[in-house]
Amino acid sequence: MATFVLDGKASAELPRRPIAVTLIVAGSVGIGDGGQTGGARLLAQGRGGRTVRVVQHTAGLLILPRVDEETVVSAVPDGRDRFDQGTVLHVTLGPDDPADMGADVIALTPRDVSGLSFIELATLVPAGAAAVSVTTKLAVPDAPLPPVAAQARAACRGVLHRDQVDEDDQVSVGCVVDTSVSMASLYASGMVAAAGDIVAGLAAVLSGGQPVALTTPGPSGAGQNAFSGGELGEHLGRPPASGFGYSVDVNAAISPFDRSGLTVVVTHGTGVVDLNKGIVALVLSDSTTVSARPGFAGAICPLPPPGVDGREFLSGQPQLVSRVVAGLLAASGRTGHLGAAR
Numbered sequence: 035m036a037t038f039v040l041d042g043k044a045s046a047e048l049p050r051r052p053i054a055v056t057l058i059v060a061g062s063v064g065i066g067d068g069g070q071t072g073g074a075r076l077l078a079q080g081r082g083g084r085t086v087r088v089v090q091h092t093a094g095l096l097i098l099p100r101v102d103e104e105t106v107v108s109a110v111p112d113g114r115d116r117f118d119q120g121t122v123l124h125v126t127l128g129p130d131d132p133a134d135m136g137a138d139v140i141a142l143t144p145r146d147v148s149g150l151s152f153i154e155l156a157t158l159v160p161a162g163a164a165a166v167s168v169t170t171k172l173a174v175p176d177a178p179l180p181p182v183a184a185q186a187r188a189a190c191r192g193v194l195h196r197d198q199v200d201e202d203d204q205v206s207v208g209c210v211v212d213t214s215v216s217m218a219s220l221y222a223s224g225m226v227a228a229a230g231d232i233v234a235g236l237a238a239v240l241s242g243g244q245p246v247a248l249t250t251p252g253p254s255g256a257g258q259n260a261f262s263g264g265e266l267g268e269h270l271g272r273p274p275a276s277g278f279g280y281s282v283d284v285n286a287a288i289s290p291f292d293r294s295g296l297t298v299v300v301t302h303g304t305g306v307v308d309l310n311k312g313i314v315a316l317v318l319s320d321s322t323t324v325s326a327r328p329g330f331a332g333a334i335c336p337l338p339p340p341g342v343d344g345r346e347f348l349s350g351q352p353q354l355v356s357r358v359v360a361g362l363l364a365a366s367g368r369t370g371h372l373g374a375a376r
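Under the numbering used here, the first residue of the sequence shown carries the number 35, and numbering increases by one thereafter.
Shown next as C-alpha cells:
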C-alpha cells in the first residue's frame with residue numbers, strides 16, 4: 035500500500051475501478067469522523083458542470099462508480115453560505131473496497147478554506163484502460179498571517195468566491211500610508227498596523243502572495259520598501275523612520291504605482307488623496323461622513339475604544355474586517371465577476 039500526498043498541481047494514479055472520496059473537516063466547527071463533516075459537503079461534476087454518476091453516501095463520502103470523463107471533485111459549505119474561519123479540509127481518494135487493505139490511497143494536502151463558498155479539490159481523468167489520474171487543484175498551503183490579515187484573506191475569498199485569483203488575473207498590491215502629524219495617534223494605537231494587516235490579507239489573494247510595496251511619504255520624501263504579508267503590519271506598528279510631517283504629499287507617493295493594480299491609501303481622511311483608477315482609501319476614523327463626499331472610493335474602519343490596541347480590536351471583530359474588505363474590493367471594481375472559485 036502506498037499513500038500519495040498531493041499538493042500544488044501534483045498527480046498520481048489509482049486503479050480504474052470505483053473510487054471513494056472521503057472528506058474530514060477540522061477547525062472551528064470541530065472534527066468530523068466517518069463522514070461527519072461539520073459543515074462541508076462533497077460534489078462531483080463533469081467538465082462545464084455536466085452531471086456525472088455519483089453515489090453520495092453522506093456529505094463527506096461519495097463514490098465515483100466509474101470515471102469515463104474528466105470529473106472535478108469540489109466541496110461547499112453544508113448548511114451555510116461560507117466556511118467558518120479556521121475550517122480545514124482533509125480529503126482522501128482510494129478504491130471503494132474495504133477489503134483491499136493494500137490499495138494505494140491519495141491524500142490531498144489539507145487546505146484552509148476560511149471564508150470560501152466553494153473550492154475545487156481535484157480533477158480525475160481516465161489514464162488508459164486500467165488507471166485514473168488524479169490531479170490536485172489545491173494550491174500550496176496558505177502562508178501563516180497575523181490574525182487580522184488572516185481574517186482579511188478569508189473575507190477577500192468570500193467576496194471573490196475563490197481561493198486564489200488565477201495567474202492571468204493577479205495584480206500587484208501597494209500600500210501608501212499618510213504620515214502627516216495627525217496620523218501619529220493612529221500609529222500609536224496600532225490602527226495603522228491593523229490597516230497594514232488588512233492590505234496584506236488582500237494581497238494574499240489578489241497578488242498570489244507577492245510582497246506588498248509600501249510607501250510612507252514624509253518630511254524627507256517618499257521611501258518605498260516591499261514587505262511580505264506577515265511583515266507589513268508589524269513594520270507599520272512602529273512610527274515612520276523619517277518622522278511625521280506637515281503638508282505631506284500623499285498623491286506624489288501614489289503616482290509611481292501601476293494603476294492596473296490596487297493601491298490602498300491608509301489615512302485619517304480623504305481630503306489628501308486623489309482617488310483615481312486603481313487607488314482606494316482605507317480611512318481610519320469613527321466618522322462616516324467622509325464616505326458621502328463626491329468621488330469617495332474605499333472603506334472606513336472605525337477606531338477601537340481608548341486604550342485598546344488596534345490589532346487586538348479588529349482580531350475580535352471579523353465582521354468588521356469583512357465589511358472593510360468588501361468596501362475596498364467594491365471600490366476597486368473587484369468582486370465575484372473575476373470568476374468562479376478554484
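Just so it is clear, CB atoms sit at the ideal spot from N, CA and C, and this is done for glycine as well. All values derive from a computational prediction rather than experimental measurement.
Residue i classed as buried or exposed, judged by whether at least 16 other C-beta atoms fall within 10 angstroms
| i | result |
| --- | --- |
| residue 221 | buried |
| residue 368 | buried |
| residue 340 | exposed |
| residue 83 | exposed |
| residue 366 | buried |
| residue 311 | exposed |
| residue 103 | exposed |
| residue 223 | buried |
| residue 130 | buried |
| residue 321 | exposed |
| residue 67 | Caution applies to residue 67, whose pLDDT of 40 falls short of 50 and renders its modelled position unreliable; the model cannot decide the point. |
Helix, strand or coil at residue i [DSSP, three-state]
| i | result |
| --- | --- |
| residue 68 | Because residue 68 carries a pLDDT of 40, less than 50, the predicted location of this residue cannot be relied on, and no value is offered for it. |
| residue 353 | helix |
| residue 374 | For residue 374, the predicted model reports a pLDDT of 34, less than 50, meaning its position is unreliable; a value from the coordinates is still stated below. In this structure, residue 374 counts as coil in the three-state DSSP scheme. |
| residue 277 | coil |
| residue 345 | helix |
| residue 145 | strand |
| residue 364 | helix |
| residue 251 | strand |
| residue 124 | strand |
Per DSSP, cross-strand counterpart(s) of residue i
| i | result |
| --- | --- |
| residue 90 | 96 |
| residue 79 | 106 |
| residue 154 | 108 |
| residue 261 | 246 |
| residue 168 | 46 and 158 |
Check whether residue i and residue j have beta carbons under 7 Å apart
| i | j | result |
| --- | --- | --- |
| residue 107 | residue 156 | yes |
| residue 96 | residue 117 | no |
| residue 218 | residue 278 | yes |
| residue 270 | residue 259 | no |
| residue 47 | residue 165 | yes |
| residue 213 | residue 250 | yes |
| residue 140 | residue 98 | no |
**Item:** Segment contact flag, the segment 177–197 with the segment 78–93, C-beta cutoff 8 Å, min 3 pairs
**Value:** no
**Asked** Counting Cβ pairs closer than 8 Å, one from the segment 124–131 and one from the segment 45–59, do we hit at least three?
**Response** yes
**Prompt:** When the Cβ atoms of the segment 188–196 are set against those of the segment 232–240, are three or more pairs found closer than 8 Å?
**Reply:** The count of Cβ pairs closer than 8 Å, one atom from the segment 188–196 and one from the segment 232–240, reaches three, so the stretches are in contact.
**Request:** Indicate whether the contact test is met: 3 or more Cβ pairs, each with one atom in the segment 353–361 and one in the segment 323–336, closer than 8 Å.
**Result:** yes
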